[in-house]
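Here's the structure, in structure tokens; my notes come after.
There are 4 protein chains.
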Amino acid sequence: MYSGKLTIFAEGTFILNKKKIINDPVYGFITIPSELVYDLIDHPYFQRLRNIKQLGMTHLVYPGAVHTRFHHALGAMHLMSMAIETLKGKGHEITEEEEEAVVIAILLHDIGHGPYSHALENTIVSGISHEDISILLMNSLNEKFGNKLDLAIQIFKGSYNKPFLHQLVSGQLDTDRMDYLNRDSFFTGVSEGIIGFDRIIKMLNVFNGHLVVEEKGIYSIEKFLVARRIMYWQVYLHKTAVAAEHLLVKILRRAKELSNKGVHLFATPSFNHFLVNTISKDEFITDPIHIRNFTCLDDHDIFTSVKVWATGDDQILSRLCRYLLTRSLYKIEVSPEPFDPKRVESLGERAVDVLNIESKDVGYFVFTDTITNHAYKVDDESINILMKNGTTRDITLASDNAILEGLSKTVKKHILCYTKELNNLK
Amino acid sequence: MYSGKLTIFAEGTFILNKKKIINDPVYGFITIPSELVYDLIDHPYFQRLRNIKQLGMTHLVYPGAVHTRFHHALGAMHLMSMAIETLKGKGHEITEEEEEAVVIAILLHDIGHGPYSHALENTIVSGISHEDISILLMNSLNEKFGNKLDLAIQIFKGSYNKPFLHQLVSGQLDTDRMDYLNRDSFFTGVSEGIIGFDRIIKMLNVFNGHLVVEEKGIYSIEKFLVARRIMYWQVYLHKTAVAAEHLLVKILRRAKELSNKGVHLFATPSFNHFLVNTISKDEFITDPIHIRNFTCLDDHDIFTSVKVWATGDDQILSRLCRYLLTRSLYKIEVSPEPFDPKRVESLGERAVDVLNIESKDVGYFVFTDTITNHAYKVDDESINILMKNGTTRDITLASDNAILEGLSKTVKKHILCYTKELNNLK
Amino acid sequence: MYSGKLTIFAEGTFILNKKKIINDPVYGFITIPSELVYDLIDHPYFQRLRNIKQLGMTHLVYPGAVHTRFHHALGAMHLMSMAIETLKGKGHEITEEEEEAVVIAILLHDIGHGPYSHALENTIVSGISHEDISILLMNSLNEKFGNKLDLAIQIFKGSYNKPFLHQLVSGQLDTDRMDYLNRDSFFTGVSEGIIGFDRIIKMLNVFNGHLVVEEKGIYSIEKFLVARRIMYWQVYLHKTAVAAEHLLVKILRRAKELSNKGVHLFATPSFNHFLVNTISKDEFITDPIHIRNFTCLDDHDIFTSVKVWATGDDQILSRLCRYLLTRSLYKIEVSPEPFDPKRVESLGERAVDVLNIESKDVGYFVFTDTITNHAYKVDDESINILMKNGTTRDITLASDNAILEGLSKTVKKHILCYTKELNNLK
Amino acid sequence: MYSGKLTIFAEGTFILNKKKIINDPVYGFITIPSELVYDLIDHPYFQRLRNIKQLGMTHLVYPGAVHTRFHHALGAMHLMSMAIETLKGKGHEITEEEEEAVVIAILLHDIGHGPYSHALENTIVSGISHEDISILLMNSLNEKFGNKLDLAIQIFKGSYNKPFLHQLVSGQLDTDRMDYLNRDSFFTGVSEGIIGFDRIIKMLNVFNGHLVVEEKGIYSIEKFLVARRIMYWQVYLHKTAVAAEHLLVKILRRAKELSNKGVHLFATPSFNHFLVNTISKDEFITDPIHIRNFTCLDDHDIFTSVKVWATGDDQILSRLCRYLLTRSLYKIEVSPEPFDPKRVESLGERAVDVLNIESKDVGYFVFTDTITNHAYKVDDESINILMKNGTTRDITLASDNAILEGLSKTVKKHILCYTKELNNLK
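Residue numbers (full-length UniProt numbering), protein chains in the order written: chain A, 1 to 426; chain B, 1 to 426; chain C, 1 to 426; chain D, 1 to 426.
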């Protein structure tokens, strides 16, 4: 059984209702549309997402941002149901099988995410991307569910002959993005990220098999892209959140380094599996022991280790962990231009002195990186507007001014991070 | 430094603003009113609350309910500032020192909570209540902060000579309750719990040193009490949440039992401290090692152990942990009358057979309990209404009908829990 | 054409969409489900409701409460569509014809309302109730639309053999009440009136042909009834709003009295028709000239006359109108007991003196009345709960405490009104 | 006395509270900060705004948009109080007298508006702008209130030596704009117009006496400007609303033309005053009879006349009025280029034929016009950003991309209107 909300309907001798509904503060109620979808949600692979925060360390900046990938996936599924209903209402044929498949595709689109995903992928689970793992898990579920996920997987991969279904799962106006903007806005309290998702969905249409937006919806799309841009700079790439994530990367890298050398570190068995083994993509795919351990990992495994490591013997690891626990995050500077290498080098030298570390370990305390963002990409997955005269054109051409042109430019920023002990030495 | 939201103001050479603000999806923005309050928030004792969910296992029913005790404490502080401003606006003298003190009192009112507090208090940290620990931690902070918390502690304990300040911290209309109803409603999505907190606060007044509500606010209070009642039955005492909490109690009890026997179980050092030691209240108070370990505990410690224990050797512990992880929670029956002991006994006998356990361990799989709730207590902490003629009276007397009478009755329900394997055997 | 929102879809040579949608701040979007419904909305009888405020004079207290009967009717229609979809989803057969009919029934349920309806019905249009006029207008529309409203009218009158459809239009849980609580709450800003309409609707079911609520929805109903009670005392029977309405009654009564005597008063032709003629119910029904004039009336007609009359010759009428325009409303006292007739008489005598009026006109300046409210009526239209064991019972019996008992009591209050000039003379 | 919300506090012998509050669905509660402000709100000049819709005919498109100029002025006052509190909190000296003055300045900023202001100004009250009348009425109030408005008027006119106060009343980030975007968004239900006003206000600061926005608020400003742009195209310049307003202009122009010829038309005395007289700005200012009549006008006067005129003798006037009442508005075409004069002429010729009118009256049925909008003007009132390094720069230079450049371009569109009878003749 899935949850109290659900068991209520199955209880007793008199069945009141077979529809399953879940309370969602963002949309009110989410309906689970079929038994198969229900069973997929109930599977441990999916339930695991309950313990993985959608925004990783961002709650250090926005305390409300502790919502989970579980909730996001349900929300995206809800929007998908709305989108499909709209398109059917406009006369486009979508079979029941296709409808269930596209709902499953969006439900599972992020199932390969691990805890603090971006940090993890760059460190201890580095041979394989979360996208690869998503496919792996979908295939595994497909096997368990008697190939009922065939169509969902086709749609997910973009190989099904109705491209608009794939675009709803993964495109510049997909229900993934719509939900995460809504949801991240809601839980952070950053009202600038609110989008008119109901209006956008009502303006969706299909033209030559591809997703389009009716001309009347053009301002809502503009607003959607601006909201996305704002959420990037105000939330996803917020300096403090970026600093915290970089710190976690360094912690995991150091732990891996130590484990490789044979140092024993406190960890759950599953987390330990990835600390002591270095696994190639091929190995990951072929030996089920890796996926078995991966699907046991969640935020709890990482964070308990960080807490224990903070009092451990390795000076570098314990120092980095204490930084995170006391939120003495890296000082982070942002600039449109690359930083002067001499300054970086000089900071590194001071780090060796002040922190009493070896030169080879300077990278744990002083480093540069870049962050980039574009709100809108002009490419083959662009957003097309269905004009009143029946033609379509890219939104940057359909709109009446330069806003969208601005949004389609890539913004790249350089960052310089160094520990706070060096703060007054710069 | 506390968070990115805050650091922004301290950065650079040109100080823009010394006011600290935090985004809150419930109230928009929360302002941190003073340096001392800021430093208390920044202290590890308080930061620990970031990793303790306000509603424990309730997110199994309401996926959005992953908000933390950290956020709740900030929210209650925000409402306290509003309440104080209102009372000052009505001409009541409240000094700056008192204002800071009452804000600190509410900020720290829950600081003694451990992870999954109710489960913990009944099992591995059983010698001492979270209220005791709150006082202990406040005293400890008072020491660290040069006795600046003296007045806050007096107000918290109710020994200060302006009783209304204590009532705002802990009473039937305190800002704790107002925030948790608002916040739990917001994050669960149960709109029935919404209260008109801004109106209630604007209707507060002081009469003979005690908190009163102006007559015009009577319906808002009625609504507040009904909302509280609804939240109890719909959220706090939701059958599934109750079943999950009971399951966690049994898990922790079994782990303690095994640890007492010398069985080694996976745990972080701090969690292990409480598994292997049985600590009296006196010991807890006198030896700082206990508080040091306690203040390292959070939800992560408990949940990682449950995950690891699920594959452990002890059949009972591993079975209980698997129940929780797969949400195969106890079947729970609710009744206004006690359950027939024969039926309970007979269920127990079947459990022995079906689960292949010993009689002495039946209580892990079959048991009864009671849950009670009253929305409003008529006692010396009752809600008094300030009538237009200048007299006060208890709200149950001031209101024009029987609703409040109903709300002041205690509702007691009996529950019977048993594992799902016995479901079709009843 | 109905509106810009709508015309967009019909424009151009390439038809994008035949669905009509209307922005609604309360529900987001309202969809017009069929061409017939569209045409009814477009009819002048219905469009007239655009210029009739739902809450009459209440905006004098709550400045946001200027929303119209037009908007309310659309909102109730929206909730009806949701309710029907829910019931169909639970397997109850509802034909397309029935669905359209019940939607039309709720859309037109208030079509007989005039401007400031309660004031009007007690004065210049006194021979006939707004319910009678609703039926009259529905029959007239039925004629114009080739008897396509036959079924809607049957449902409205309660003579169709599926009683639950009538109950959705007119019962203790009808979509009329649900919308007006939502809408009046939204526009007044009185958050205490917010109801969990989406949850209530999802909990609706049909049992033996009658509307029932599933047991799980019991707290939402409780909350609904409490919200309704609060809205009555806080908004609908707010002293100031009641005083304003009584004043308008007196104004219209005086105007009618003068017109009967042959005095000419400024008025639009349609308003004048009702000032100079006294029309019986029979005449109203048989001679179409009356309905023709009635359907031209809206708030504008009444208020412009009040403005002009305020500077007119009749001392009583001009004084009353000035009271309204400057919101020098009656002083109103409320009491659970009847007022002492001697005090009323004495106030009247003072009025004669102070205002220099004749004794026979005292009733314009001093009078008593009663206001009553019950949130819930226990009768044959009661709210029945569908218990998990498959039986039904009245909500007052199904709930676990005395709240609902309290709500089902009628509350009656006495009021005494007198002009402010007498204020310091009481 | 102002309203029930307020009288509650003054009633009885025991004064509970002297603070006056008003429910507002947009902000919760609005507090009236002083007795003088209270008395100004209570004055008939201001109360008149209760009967003037903020968005004129726009409710034909968005049925919720019936909110009034009265409510907007109160909302703008509320935001002003918040802004002043923020600036004072940042250490800028603002005296109590200045605070009251700037609050009064924003409260009265629109007091000169007549009903359907833009239509009116172009027709029957054409000698003088609503800005001129605002000043006239402020001066008149200043006289009545013993020159207590001196400072408010200085701030309003921009002659006071703290320019930031004037900028808060009238600038690119004034509280007028902030409130109307919030309020119009709220009541229309167009969520794209929502702005983060609380964040913007918290980011305001003063630099060299001028209003600036702290760098951290840059994205909120971007969003504000985009929201404003969207509201323009989606609401304020919505084709249907524009068509309705143009129709009203033509109606009033025809009525004036007929009145000038001596034709008697139904009208209230005050409306009639402006129909039969043509008043120069000088006459308006010098002879108080004009302002006396003007301040009696509201939406009711205009709309009752339209209703009566629809059945009058003049074929053109009655036809235009019927168009409006049945919302058979002009067909409106929009184009970036001017329309071909030949096509316009040819439409005019057909109008003469089809509608049986004289050539000189063609302009009532076929005409062209332009609409323009720029979200942001780069000029001396531009929005300046206070950078972290302590310098300021225009927002278009401070932002990192081309969005704002886009927003600062003027968008001009040509429209062609013609009556629907010509629709199939184009």
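Note that beta-carbon positions come from the ideal geometry of N, C-alpha and C, so glycine has one too.
- Between residue 117 of chain A and residue 109 of chain A, the CB-CB gap reaches or exceeds 8 Å.
- Residues 193, 195, 227, 228, 231 of the same chain have their beta carbon placed closer than 7 Å to that of residue 181 of chain A, with the five preceding and five following residues left out of the count.
- Neighbours of residue 198 of chain B across chain D, judged by C-beta separation under 7 Å: 28, 29.
- The beta carbon of residue 84 of chain B sits no closer than 8 Å to any beta carbon of chain D.
- In this structure, the beta-carbon distance from residue 204 of chain A to residue 286 of chain A does not fall below 8 Å.
- For residue 369 of chain B, the uninterrupted beta strand (DSSP E) run begins and ends at 366-373, by DSSP.
- For residue 301 of chain A, the chain B residues whose C-beta falls within less than 9 Å of its own C-beta are 300, 304, 307, listed in chain order.
- Per DSSP, the unbroken beta strand (DSSP E) holding residue 210 of chain D starts and ends at 210-214.
- Contact between residue 102 of chain A and residue 33 of chain A fails: their C-beta atoms lie close to 11 Å from each other, not under 8 Å.
- Annotation for residue 52 of chain D: no beta strand (DSSP E) segment contains it, and DSSP assigns it neither H nor E.
- Contacts with chain B (Cβ-Cβ distance below 8 Å) from the segment 62-81 of chain A involve 62, 63, 64, 66, 67, 68, 70, 71, 74, listed in chain order.
- Listed in chain order, the alpha helix (DSSP H) runs fully inside the segment 141-203 of chain A are 150-157, 163-169, 175-188, 197-203, counting runs of at least 4 residues.
- Within chain B, the residues whose beta carbon sits less than 7 Å from that of residue 202 of chain D are 21, 29, listed in sequence order.
- Of all residues in the segment 227-241 of chain C, only 230, 233, 234 come within less than 7 Å of chain B when Cβ atoms are compared, listed by chain position.
- With fewer than 16 other Cβ atoms inside 10 Å of its own Cβ, residue 292 of chain A counts as exposed.
- Annotation: residue 290 of chain D is outside any beta strand (DSSP E); the continuous alpha helix (DSSP H) that includes it extends over 288-294.
- At the C-beta level, residue 133 of chain C and residue 29 of chain C stay beyond 8 Å of one another.
- Residues of chain D with a Cβ closer than 7 Å to the Cβ of residue 192 of chain A are, in chain order, 196, 219, 220, 223.
- Within the UniProt domain "HD" (69-178) of chain C, contact with chain B at the beta-carbon level (separation under 7 Å) is assigned to no residue.
- Contact between residue 245 of chain B and residue 403 of chain B is ruled out by a C-beta separation of about 30 Å, above the 8 Å threshold.
- Under DSSP, residue 131 of chain A shares a beta bridge with no residue.
- Of all alpha-carbon atoms in D:322, D:122, D:278, the one lying nearest the alpha-carbon of residue 262 of chain D is that of D:278.
- Counting other Cβ atoms within 10 Å of its Cβ, residue 113 of chain B reaches 16 or more and is therefore classed as buried.
- The Cβ neighbour count for residue 288 of chain A, taken over all protein chains shown within 10 Å, is under 16; the residue is labelled exposed.
- Here residue 419 of chain D is buried, its C-beta having at least 16 other C-beta atoms within 10 Å.
- Counted as a single uninterrupted DSSP element, the stretch harbouring residue 416 of chain C is not any alpha helix (DSSP H) but the beta strand (DSSP E) occupying residues 411-418.
- Shown here for residue 393 of chain B: same chain residues with a beta carbon closer than 8 Å to its own, the five before and five after excluded, namely 384, 385, 387 in chain order.
- Between residue 347 of chain A and residue 397 of chain A, the C-beta gap is not smaller than 8 Å, which leaves the two residues out of contact.
- In the three-state scheme derived from DSSP, where H, G and I count as helix and E and B as strand, residue 332 of chain A is classed as strand.
- Closest in alpha carbon position to residue 408 of chain A, among A:416, A:399, A:174, is A:399.
- With a 10 Å radius around the Cβ and a threshold of 16 neighbouring Cβ atoms, residue 337 of chain B comes out exposed.
- In this structure, the CA atom of residue 168 of chain C is about 39 Å from the CA atom of residue 69 of chain A.
- Taking a beta-carbon distance threshold of 8 Å, residue 369 of chain A does not count as an interface residue toward chain B.
- A direct Cα-Cα distance of roughly 7 Å separates residue 61 of chain D from residue 240 of chain D.
- Distances from the alpha-carbon of residue 141 of chain D to those of D:111, D:202, D:170, D:158 put D:111 closest.
- Sequence-distant partners of residue 201 of chain A (beyond 5 residues in either direction) whose C-beta falls short of 8 Å from its own C-beta, in its chain, are 79, 82, 83, 86, 178.
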